[in-house]
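Shown next, in structure tokens, is the structure this report addresses.
And the structure:
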């Protein structure tokens with residue numbers, strides 16, 4: 020009986036067929052209740068011990084059968100599982116869990132009639148013997164043919180595109196559209212470039228094509244606007260990668276360059292990328308080539324005035340819309356149809372034959388350039404087409420005389436713009452010039468405060484086609500050509516640049532607190548569309564040395580970068596701000612210090628821990644107590660993430676002294692948060708719980724929802740490590756609710772991962788798989804590479820537990836590759852363990868042992884005792900049947916480490932395998948001797 024209990028205790032979680040077989044063999048030794056029928060008179064203590072032992076053994080046996088049944092369900096082995104359930108029922112015919120298991124297995128086998136018959140027989144027996152009915156849970160099993168996970172997370176359907184809504188009719192380009200579609204239909208066509216002068220309609224045609232193809236790609240169609248990238252940027256390739264990631268809402272994390280992370284994310288995608296305005300960014304062409312080489316499911320549609328000069332490029336050069344030289348020659352041309360349609364938007368008067376002839380002349384003079392046609396048609400509001408044609412002819416003659424080196428189409432566009440400009444009053448000219456300061460569009464409120472433009476003035480500029488309006492987003496924008504012309508008219512002394520910077524830095528600063536609360540989604544919705552303007556405002560303010568406004572917006576800007584996953588850009592901006600402010604003497608000292616702290620924060624996020632420490636030590640010491648305390652917090656984080664826990668604790672102690680001295684709850688919260696994590700890693704769960712609970716109380720008191728969800732996540736993991744699954748799920752569920760309120764998919768995927776760990780421990784592998792797949796979808800969409808590693812590792816373990824070894828190995832190898840890329844050693848060790856488990860289950864002992872030892876080296880070097888103990892147990896199990904001496908050594912070391920950790924769970928596992936090894940070898944001797 021002792022051997023039976025040791026076997027039942029030692030098996031633990033059923034994560035392989037070998038363990039299932041061991042447990043089944045142990046259960047065969049159980050023949051009924053312990054000492055059934057045996058009595059000792061006048062020995063109440065003995066009777067009490069016997070009853071307690073009988074109950075304990077019975078409970079262990081029931082749990083054993085339950086584990087075998089769940090394993091049979093996840094392995095889809097209904098026949099074997101039915102035998103297990105029937106054997107369980109032979110021991111206890113009224114055990115509802117056994118009946119539920121058998122019904123689930125019969126349903127899995129595809130025999131609902133047998134499941135219903137068994138249910139009716141069981142219900143009749145309950146009525147006859149106990150006068151009760153089956154539980155509602157058991158009744159619910161029969162409503163579906165397959166067991167369903169107990170809880171499903173509802174996800175918002177992913178967006179399929181970010182294209183602007185169609186605002187008006189598109190004219191012409193029929194042949195070009197057919198040509199582009201026919202090429203993109205071919206899998207070997209990876210890149211189509213639309214070239215042509217500014218205003219020729221490249222963007223509009225590309226967007227029309229993209230709208231038509233939205234449903235042809237699994238992951239949709241995405242517009243990436245590149246006009247705001249500075250062609251003189253130090254690394255244009257990385258700047259383009261960040262813009263693409265932002266358009267796709269990918270979160271870039273880890274130490275790898277943005278371009279590398281983007282390529283990693285795109286390898287799993289099937290989509291069309293529309294890269295607009297590549298004109299001045301030809302130094303970024305290598306990124307396009309890398310996407311073509313490594314991302315087979317991605318097609319590219321690029322607009323550029325020049326060829327990209329790539330082998331894979333299909334070039335389509337756009338000319339003006341077709342137009343007639345003779346008004347009587349054939350049907351109305353595309354160019355004239357467009358002119359008339361735009362004219363009709365401004366007046367209802369029917370067009371006369373004379374006006375139509377003038378329209379043909381206008382279209383001919385502007386060479387069919389769509390933007391020029393738009394501007395000319397807008398002038399019909401207050402003059403006739405005949406007058407416009409005459410003015411245009413006169414203007415062109417004058418321009419050609421003075422600018423003979425300007426191509427005809429360019430000169431016609433300049434002439435039309437100049438004519439449009441002259442139709443404006445002086446105040447309107449001034450407003451349009453001021454509006455050219457905006458990057459990526461603007462709101463009416465911003466136009467009023469920065470350009471002093473009224474709603475009526477904006478409407479007039481719209482009527483003249485000098486301004487575009489998107490009713491879906493309630494935002495205005497200027498065509499890049501119009502913006503370039505208007506910017507030439509902007510007076511240097513106007514002061515609009517300062518007003519622009521003040522407005523957008525104030526916008527960021529005003530939302531600083533809200534970004535941390537449950538209203539974060541609303542704050543981000545207001546800020547994110549303005550990020551190009553925010554970038555320009557920040558750059559301008561740094562150039563002007565506007566210390567006060569930069570200080571006021573710095574923390575909020577850092578938070579936006581964190582929430583949007585723009586860690587690389589955040590680090591670069593903060594490093595540049597620190598460098599420039601350091602040159603401003605005493606006036607810039609505080610800004611420089613705070614920028615350095617935010618820079619270190621991003622370096623920790625990127626896994627660049629040595630750089631973070633260098634950044635922090637360079638700004639210390641400082642006469643700003645809060646900054647010194649936060650510096651030590653960030654220093655401690657960089658240390659513990661590298662496994663230097665004792666040194667990290669010293670830095671945290673210094674931060675604690677400062678927090679207490681200045682009475683700063685925020686610093687105190689971070690002290691408890693990181694202290695709790697360190698204690699958890701080192702398996703000091705009681706201390707970890709105390710610290711994380713204190714951190715949660717502080718964040719709740721401060722209304723810091725973002726940090727509260729992070730600490731609740733860690734608190735849930737501690738409860739799990741302590742074996743308190745109920746508290747673990749409660750903490751994680753609360754954190755999940757906060758994440759959803761804030762729209763924080765980055766942390767949401769992490770929480771789904773942690774929920775999968777708990778449900779796996781409970782044996783509900785299908786539930787766990789659901790959590791993992793949903794979390795992986797979120798992490799992949801957001802480009803959260805570190806999250807993908809965790810989820811892939813646990814998904815691999817989940818597949819392994821279900822007996823899907825090939826699938827397990829595939830996802831685990833994917834996870835290991837990303838972990839190595841990120842340099843996350845703790846995750847690498849965990850992934851190696853699970854990969855070794857899969858190979859061990861395939862009886863590939865040498866490969867499994869090699870992988871276990873790689874993980875063991877990391878665990879010992881980085882002081883990860885819990886991981887070390889797990890590996891030692893696995894090695895002991897792996898070698899238990901072939902190398903008894905080494906197996907005993909590993910099991911003995913595992914027991915020692917488990918006892919040092921004082922972990923009941925690990926002590927039970929380590930002791931069980933140690934006993935099994937010492938028991939199994941003498942038993943083998945006895946069998947050999949008997950034989």
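In our numbering, the protein residues as written are 20 to 950. For glycine and all other residues, C-beta sits at the position ideal for the given N, C-alpha and C.
| Asked | Found |
| --- | --- |
| Every unbroken beta strand (DSSP E) inside the region 755–818 [3 residues or more] | none |
| Alpha-carbon spacing of residue 719 relative to residue 894, whole angstroms | 44 Å |
| Which of helix, strand or coil DSSP assigns to residue 180 | strand |
| Expected contact under 8 Å - CB spacing of residue 92 and residue 125 to nearest Å | Actually they are not in contact, since the Cβ atoms of residue 92 and residue 125 sit about 11 Å apart, beyond 8 Å. |
| As assigned by DSSP and simplified to three states, the class of residue 551 | helix |
| Beta-ladder partner(s) of residue 317, from DSSP | 290 |
| Proximity of residue 358 and residue 394 at Cβ, strictly below 8 Å | no |
| Cβ pair count under 8 Å reaching 3, the region 460–475 against the region 560–578 | no |
| Sequence-distant residues of the same chain with beta carbon closer than 8 Å to residue 242, five excluded per side | 180, 181, 182, 183, 226, 229, 266, 293, 295 |
| Other residues of its chain near residue 560: CB distance less than 7 Å, five sequence neighbours each side excluded | 520, 524, 568, 569 |
| Alpha helix (DSSP H) runs contained entirely in the region 70–156, provided each spans 4 or more residues | 97–110, 115–127, 131–148 |
| Segment limits, beta strand (DSSP E) that includes residue 332 | 332–336 |
| Residue range of the beta strand (DSSP E) that includes residue 495 | 494–496 |
| Rounded Cβ spacing between residue 386 and residue 339 (contact assumed at less than 8 Å) | 4 Å |
| CB contact flag (residue 310, residue 329, <8 Å) | no |
| Cut-off 6 Å between Cβ atoms - residues of its own chain near residue 610, not counting five sequence neighbours on either side | 566, 569, 570, 600 |
| Straight-line gap, residue 785 to residue 815 (C-alpha atoms, nearest Å) | 13 Å |
| CB-CB length for residue 740 against residue 704, believed under 8 Å | 5 Å |
| Three-state secondary structure (DSSP) of residue 244 | strand |
| Nearest candidate by alpha-carbon position, reference residue 803, set 825, 763, 778 | 763 |
| Alpha helix (DSSP H) segment containing residue 487, residue limits | Residue 487 -> not in any alpha helix (DSSP H); beta strand (DSSP E) instead, spanning 487–489. |
| Residue closest to residue 434, alpha-carbon to alpha-carbon, out of 414, 452, 446, 442 | 414 |
| Where residue 684 falls: helix, strand or coil (DSSP) | helix |
| First through last residue of the alpha helix (DSSP H) which encompasses residue 612 | 605–624 |
| For residue 187, three-class secondary structure by DSSP | coil |
| Range of the contiguous beta strand (DSSP E) that encloses residue 212 | 210–214 |
| contact_flag[the region 445–463, the region 523–539] where n(CB pairs < 8 Å) is 3 or more | no |
| Beta-carbon proximity of residue 270 to residue 224, cut-off 8 Å | no |
| Distance between beta carbons of residue 648 and residue 686, contact taken as under 8 Å | 5 Å |
| Identified DSSP bridge partners for residue 322 | 213 |
| Pairwise C-alpha distance: residue 932 and residue 863 | 21 Å |
| Cβ neighbours of residue 937 in the same chain (closer than 8 Å, five flanking residues each side left out) | 907 |
| Sub-8 Å separation of residue 795 and residue 831 beta-carbons | no |
| Reduced DSSP category for residue 295 - H, G, I as helix; E, B as strand; rest coil | strand |
| Burial state of residue 729, where buried means 16 or more other Cβ atoms lie within 10 Å | buried |
| Closest by C-alpha distance to residue 109, when choosing among 46, 602, 123, 645 | 46 |
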